[in-house]
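**Student:**
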Amino acid sequence: MALEIKIPAVGESITEVTIAKWLKKDGDAVKRDEVIAELESDKATFELPAEADGTLKIRVAEGETIGIGTVIADLDGAAGGAAPAAAPAAAADPINKGEENPAASDQSGYGGAPAGKESNDPATPGAPAAAPAAGGGSVEMKIPAVGESISEVTVAKWLKEDGAQVSRDEVIAELESDKATFELPAEAAGTLRHAVKEGETISIGAVIARIEGGDKAGNGAPAPAAAAPAAAPVAAMATAPTAGGAATYATGVPSPAAGKILGEKGIAAADVAGTGRDGRITKEDAQNAQAKPAAPAPASAPAAAAQAPAAAPVAGGSREVRRERMSNLRKTVARRLVTVKNETAMLTTFNEVNMQPIMDLRNKFKDKFKEKNGVGLGFMSFFTKAVCIALKEWPAVNAQIDNGEIVYSDFADISIAVSAPKGLVVPVIRNAEQLSFEGIEKEVVRLAGLARDNKLTIEQMSGGTFTITNGGVFGSMLSTPIINAPQSAILGMHNIIQRPVAENGQVVIRPMMYLALSYDHRIIDGRESVSFLVRVKELLEDPTRMLFGI
681 MALEIKIPAV GESITEVTIA KWLKKDGDAV KRDEVIAELE SDKATFELPA
731 EADGTLKIRV AEGETIGIGT VIADLDGAAG GAAPAAAPAA AADPINKGEE
781 NPAASDQSGY GGAPAGKESN DPATPGAPAA APAAGGGSVE MKIPAVGESI
831 SEVTVAKWLK EDGAQVSRDE VIAELESDKA TFELPAEAAG TLRHAVKEGE
881 TISIGAVIAR IEGGDKAGNG APAPAAAAPA AAPVAAMATA PTAGGAATYA
931 TGVPSPAAGK ILGEKGIAAA DVAGTGRDGR ITKEDAQNAQ AKPAAPAPAS
981 APAAAAQAPA AAPVAGGSRE VRRERMSNLR KTVARRLVTV KNETAMLTTF
1031 NEVNMQPIMD LRNKFKDKFK EKNGVGLGFM SFFTKAVCIA LKEWPAVNAQ
1081 IDNGEIVYSD FADISIAVSA PKGLVVPVIR NAEQLSFEGI EKEVVRLAGL
1131 ARDNKLTIEQ MSGGTFTITN GGVFGSMLST PIINAPQSAI LGMHNIIQRP
1181 VAENGQVVIR PMMYLALSYD HRIIDGRESV SFLVRVKELL EDPTRMLFGI
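In our numbering, each residue's number is its place in the sequence shown (first place is 1) plus 680.
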């Protein structure tokens, strides 16, 4: 018996995840609670354990983005597993066992093609249940669930006309919601009949089209004689032998993602050899495909060839390009940053800090500090303490706007921007105003370690009131950091450069750092922002002030 492994609910606002990595291969024997895959959402990375002992059968390829509740694998021979009623048909379907799940290839969050509703052709009411295989049935296509909060979509564009012949898994329409655009693949081969006009908005679950003369196994009714020339390439692909021997409907047919890539490259599917199960063209095949060189000019036209201008010289060196799917984390970061730029009155003010006093203090006590506390004395603890003191004096910098109200916080939850392997993350130091230098340094080390190992939880990255980012570790001299919404301000640190400065009428060399404070001018005035940054500068240039609170 087979046990289905589905994507579990991993958070209240998470509707889709990406298969970041399969830790076990297809066909491997796995034990109960053994981690078999890593799942990645737009907020965190999760581990997926096996629900029972058995043999792993992978349904969804690594890198695909799918919805919560979608079946991604089976455990054959699992104790207590119950095979679904349609298991024999699913096992015979090469799509469910192929290298790529075409319905999940779309980054829009499809969890797989929705199950269509088969019905007998009204013209043959007495037809048996197997009538679709003979070309007399029809399949109703309904709008699938595409997200937890999405209740309706718009038919943005029909990619296949009414009455056109379509193949199973061929993209026939583009659907558009208020959040994203989705592709709709055909659930069977046959004649397409539109039930909704282009531009109409319909609810989830509504019938959008019917496919006549075909079934879900890909057996379609023969095309009329007039359509024979157009159908010839498809027929040629369907009868081509595959690497495994017998041809199937999947032979030479691209998945939706592969078809999109081939369309962008201008390459015909017939010119690409499929390496997927039963000869299907996978996304990797499409990415590696190269356009065929133009045919040479016929020998009967030497004069015309002689008059043609000389071809432009080919540039030397590699001209290869590489495409990578954006991770959910990168998509979320991009969306949030654009939102902040569009919805806030963001402004940046600058100042510079003489870092000599802090560097002298660190050089004097760093060895004893590490010996006593087991952690190094870095710059972050000085900046965090200075920021916490300044936030108490200028509470608007620590405030947020919520539904027309200003929310002031009497605590300082400081977000620290960390560059993790999969992108920028911002863990939070809770109640930083109550922590000592030792407490801050230990918390920074702990959170940075979790970020590097991709083990930060959503709670550890939520709820900050102010952010500190240090671009200086990468060599940045000056920048204008973007606010971490819904916060109202962010402090940017930069690299330390030995520069000449004037002190008491004398030019001296000092280690100087530029500071940048980006803030939302809707809630923070210029006086408050500049005064806050000046206060931070005073505390850093005379760190003993932080010990006495002056």
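No residue lacks a Cβ here, since even glycine has one placed at the ideal position from N, Cα and C. Note that the structure is predicted; figures quoted are calculated from it, not measured.
Classify Met-1006 as helix, strand or coil using the three-state DSSP reduction.
**Tutor:** It is coil, neither helix nor strand.
**Student:** Is the number of C-beta pairs between the stretch 1010-1020 and the stretch 1140-1155 that are closer than 8 angstroms three or more?
**Tutor:** Output reads no: the stretch 1140-1155 does not touch the stretch 1010-1020.
**Student:** Could you check how far apart the C-beta atoms of Gln-1036 and Pro-1191 are, in whole angstroms? I think they sit under 8 angstroms.
**Tutor:** Their Cβ separation, rounded to whole angstroms, is 6 angstroms, which keeps Gln-1036 and Pro-1191 in contact under 8 angstroms.
**Student:** Under 8 angstroms Cβ to Cβ from Lys-701, same chain only, skipping five residues before and after it: list those, please.
**Tutor:** Closer than 8 angstroms at Cβ, skipping near neighbours: Ala-717, Glu-718, Glu-742.
**Student:** Have a look at Pro-1101, Ser-1099, Gly-734, Asn-1078 and flag the residue whose alpha-carbon is nearest the alpha-carbon of Asp-706.
**Tutor:** Checking every option, the nearest Cα to that of Asp-706 belongs to Gly-734.
**Student:** Exposed or buried, Lys-1065, counting other C-beta atoms within 10 Å across all chains shown (16 or more means buried)?
**Tutor:** Buried is the call here.
**Student:** Using a Cβ-Cβ cutoff of less than 8 angstroms, which residues in the same chain neighbour Thr-861 once the five nearest sequence positions on both sides are dropped?
**Tutor:** These residues qualify, in order along the chain: Ser-788, Ala-836, Glu-854, Leu-855.
**Student:** Relative to the C-alpha of Asn-1134, which candidate in Val-710, Glu-727, Ile-687, Asp-708 has its C-alpha closest?
**Tutor:** It is Glu-727 whose Cα lies nearest to the Cα of Asn-1134.
**Student:** In or out: Gln-1140 buried (at least 16 other Cβ within 10 Å) or exposed?
**Tutor:** By the neighbour-count rule (16 or more Cβ atoms within 10 Å), Gln-1140 is buried.
**Student:** On the CB-based measure, 16 or more other CB atoms within 10 Å of its CB, does Phe-1062 come out buried or exposed?
**Tutor:** Label assigned to Phe-1062: buried.
**Student:** If we ignore side chains and look at the alpha-carbon of each, how far apart do Thr-1029 and Glu-1221 end up?
**Tutor:** Taking the straight line joining both Cα atoms gives about 19 angstroms.
**Student:** If we ignore side chains and look at the alpha-carbon of each, how far apart do Glu-1004 and Met-1226 end up?
**Tutor:** Using only the alpha carbons, I get a separation of about 48 angstroms.
**Student:** How many whole angstroms separate the CB atoms of Gly-1056 and Lys-1046, which I take to be in contact at a CB cut-off of 8 angstroms?
**Tutor:** Their Cβ separation, rounded to whole angstroms, is 7 angstroms, which keeps Gly-1056 and Lys-1046 in contact under 8 angstroms.
**Student:** On the three-state DSSP scale, how would you describe Pro-1075?
**Tutor:** Pro-1075: helix per DSSP, three-state reduction.
**Student:** Using three-state DSSP, classify Leu-1227 as helix, strand or coil.
**Tutor:** Residue state, collapsed to three classes: helix.
**Student:** Mapping the DSSP letters down to three states, classify Thr-1064 as helix, strand or coil.
**Tutor:** Note: Thr-1064 maps to helix in three-state DSSP.
**Student:** Assign Gln-1178 to one of three DSSP states: helix, strand, or coil.
**Tutor:** Gln-1178 falls in the strand class under three-state DSSP.
**Student:** Under 9 angstroms, do Asn-1008 and Ser-721 count as touching if we go by C-beta distance?
**Tutor:** The answer is yes: Cβ separation under 9 angstroms.
**Student:** Out of curiosity, what's the CA-to-CA distance linking Glu-1051 and Asp-1040?
**Tutor:** Answer to the nearest angstrom: the Cα atoms are 18 angstroms apart.
**Student:** Going straight from the alpha carbon of Gly-956 to that of Asn-968, what length do you get?
**Tutor:** Cα to Cα, Gly-956 sits roughly 13 angstroms from Asn-968.
**Student:** On a Cα-Cα basis, can you pick out the residue from Ala-938, Ser-883, Asp-708 that is closest to Ile-830?
**Tutor:** Measuring from the Cα of Ile-830, the nearest candidate turns out to be Ser-883.
**Student:** How many angstroms separate the CA atom of Asp-943 from the CA atom of Ile-1177?
**Tutor:** Note that residue 943 is Gly in the sequence shown here, rather than Asp. About 51 angstroms.
**Student:** Please classify Pro-764: is it buried, with 16 or more other beta-carbons within 10 angstroms of its beta-carbon, or exposed?
**Tutor:** Low confidence applies to Pro-764: its pLDDT is 40, below 50, so where it sits in the model is not reliable, and the reading given next is rough at best. Exposed.
**Student:** Could you have a look at Asn-1150 and say whether DSSP puts it in helix, strand or coil?
**Tutor:** Correct three-state label for Asn-1150: strand.
**Student:** Under the three-state reduction of DSSP, which class applies to Ile-685: helix, strand or coil?
**Tutor:** Of the three classes helix, strand and coil, the one that applies to Ile-685 here is strand, per DSSP.
**Student:** Alpha carbon to alpha carbon, what distance is there between Glu-880 and Asp-708?
**Tutor:** In a straight line, the C-alpha of Asp-708 is about 47 angstroms away from that of Glu-880.
**Student:** Can at least three beta-carbon pairs, one atom from the stretch 1208-1222 and one from the stretch 1079-1091, be found at a separation below 8 angstroms?
**Tutor:** No, the stretch 1208-1222 does not touch the stretch 1079-1091.
**Student:** Between which two residues does the alpha helix (DSSP H) containing Leu-1213 stretch?
**Tutor:** Leu-1213 -> alpha helix (DSSP H) spans 1206-1221.
**Student:** Given Asn-1150, which residues of its chain have a CB within under 6 angstroms of its CB, disregarding the five upstream and five downstream residues?
**Tutor:** Met-1173.
**Student:** By the DSSP assignment, the beta strand (DSSP E) with Val-1033 in it spans what residues?
**Tutor:** Start and end: 1026-1034.
**Student:** Looking only at DSSP bridge pairs, what is Lys-822 linked to?
**Tutor:** Lys-822 is bridged to Val-887.
**Student:** Would you mind giving the Cβ-Cβ distance between Ile-752 and Ile-746, rounded to the nearest angstrom? I have them listed as a contact below 8 angstroms.
**Tutor:** Indeed they touch by this definition, with Cβ atoms about 7 angstroms apart.
**Student:** Leaving out the 5 sequence neighbours to the left and right, which residues in its chain are closer than 6 angstroms to Glu-1208 when beta-carbon positions are compared?
**Tutor:** Cβ within range, chain order: Trp-1074, Ala-1076.
**Student:** Please return the same chain residues whose Cβ sits closer than 8 angstroms to the Cβ of Thr-1137, not counting the five positions on each side in sequence.
**Tutor:** For Thr-1137, where only same-chain residues beyond five positions count, the Cβ hits under 8 angstroms are Ala-724.
**Student:** What residue range does the beta strand (DSSP E) around Gln-1140 cover?
**Tutor:** Segment: none, Gln-1140 is in no beta strand (DSSP E) and carries neither H nor E.
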